[in-house]
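Residue numbers (this note's numbering): 113 to 301.
Note that beta-carbon positions come from the ideal geometry of N, C-alpha and C, so glycine has one too.
Below is one structure; the comments refer to it alone.
See below:
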């Protein structure tokens, strides 16, 4: 994926969280939606979670610090994507039994973001670690300011992707693992 397409994805992610926060400021009842605003809150939350999964996978690919960062990003993104789909079915379509699946995906996704942030910080990819922590803020405070924080962070990341991608993980530029190169290291991905 080119840096410009990556930047577009990142900005869409920030916009989705900002829209969800703007809706949240109106006080919707997304646990048991009835009005159009309630359903908009549910669907924008699901969209924001799904875009979060894509951005976290991008973050793992950008860092490529080591195989563990890639693995953690994959698991965290899968949890966020599972939570997005389950939220859409549970609250958007009224299938309450899917709530357990949502909780499982949200736990893996949100707590996993802390693990990913720590791993990226240790690997000297602190800017990317900040993206993971900013996503946690978006999830925790999606009914108020969280989405606006994510939007600001996504604009910063998009600027870095387009203008100065080498600053995202400076120490790692010589040690990067190519996405298709499984012959390096232990042969695992």
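Just to confirm my understanding: we take residue 169, look at its own chain, exclude 5 residues before and 5 after, and list those with CB closer than 8 Å. What are they? Sequence index remark: in the chain shown, residue 169 carries index 57 (1-based). Here the set comprises 185, 186 and 189.
Consult DSSP for residue 133 and reduce its assignment to one of helix, strand or coil. Here residue 133 is taken as the residue at index 21 of the chain shown, counted from 1. Here residue 133 sits in helix by DSSP.
For residue 247, which residues in the same chain have their Cβ closer than 6 Å to its Cβ, ignoring the five residues on either side in sequence? Against the chain shown, residue 247 aligns to sequence position 135. If we look at residue 247 and ignore the five residues flanking it on each side, its Cβ neighbours are 164 and 225.
With distances taken from CA atoms, which of 179, 119 and 196 is nearest residue 251? As a first step, residue 251 is located in the chain shown; it is residue number 139 there, counting from the start. Considering only alpha carbons, the answer is 196.
Does the stretch 135-142 come into contact with the stretch 235-244, if we say contact requires no fewer than three beta-carbon pairs (one atom in each stretch) closer than 8 Å? The answer is no - the stretch 235-244 does not touch the stretch 135-142, with fewer than three Cβ pairs under 8 Å.
Looking at C-alpha atoms only, which residue of 270, 244 and 150 is the closest neighbour of residue 204? As a first step, residue 204 must be located in the chain shown, where it is residue number 92. Comparing Cα-Cα distances from residue 204 to each of 270, 244 and 150, the minimum goes to 150.
Have a look at 126, 269, 231 and 208 and flag the residue whose alpha-carbon is nearest the alpha-carbon of residue 179. Here residue 179 corresponds to residue number 67 of the chain shown, with the count starting at 1. When C-alpha distances from residue 179 are compared across 126, 269, 231 and 208, the shortest belongs to 231.
Got a sec? Which residues, its chain only, sit under 6 Å from residue 260 by beta carbon, not counting five neighbours each side? Here residue 260 is taken as the residue at index 148 of the chain shown, counted from 1. Around residue 260: 130 and 133.
Measuring CA to CA, which of 115, 160 and 122 is closest to residue 255? In the chain shown, residue 255 corresponds to position 143, counting from 1. Here the closest residue by C-alpha is 160.
Give the DSSP-derived three-state secondary structure of residue 118 in the structure shown. For the purposes of this step, residue 118 is taken as the residue at position 6 of the chain shown. Residue state, collapsed to three classes: helix.
Could you tell me the alpha carbon to alpha carbon distance between residue 201 and residue 127, rounded to whole angstroms? Along the chain shown, read from residue 1 onward, the residue named residue 201 stands at position 89. Along the chain shown, read from residue 1 onward, the residue named residue 127 stands at position 15. Distance between the alpha carbons of residue 201 and residue 127: 22 Å.
Give me the Cα-Cα distance between residue 269 and residue 145, rounded to the nearest whole angstrom. Along the chain shown, read from residue 1 onward, the residue named residue 269 stands at position 157. Along the chain shown, read from residue 1 onward, the residue named residue 145 stands at position 33. So the alpha carbons of these two residues sit roughly 34 Å apart.
Spatial neighbours of residue 119 within its chain, please: C-beta separation below 7 Å, excluding the five flanking residues on both sides. Here residue 119 refers to the residue found at position 7 when the chain shown is read from its first residue. Counting only Cβ-Cβ distances below 7 Å, and skipping sequence neighbours, we find 270, 273 and 274.
Would you mind working out which of 192, 152, 265 and 125 sits nearest residue 216, comparing C-alpha positions? Counting from 1 along the chain shown, the entry for residue 216 is found at position 104. Closest option to residue 216, judged by alpha-carbon separation, among 192, 152, 265 and 125: 192.
I'd like to know whether the C-beta atoms of residue 244 and residue 263 end up nearer to each other than 9 Å. For the purposes of this step, residue 244 is taken as residue 132 along the chain shown, with counting starting at 1. For the purposes of this step, residue 263 is taken as residue 151 along the chain shown, with counting starting at 1. The answer is no: Cβ separation not under 9 Å.
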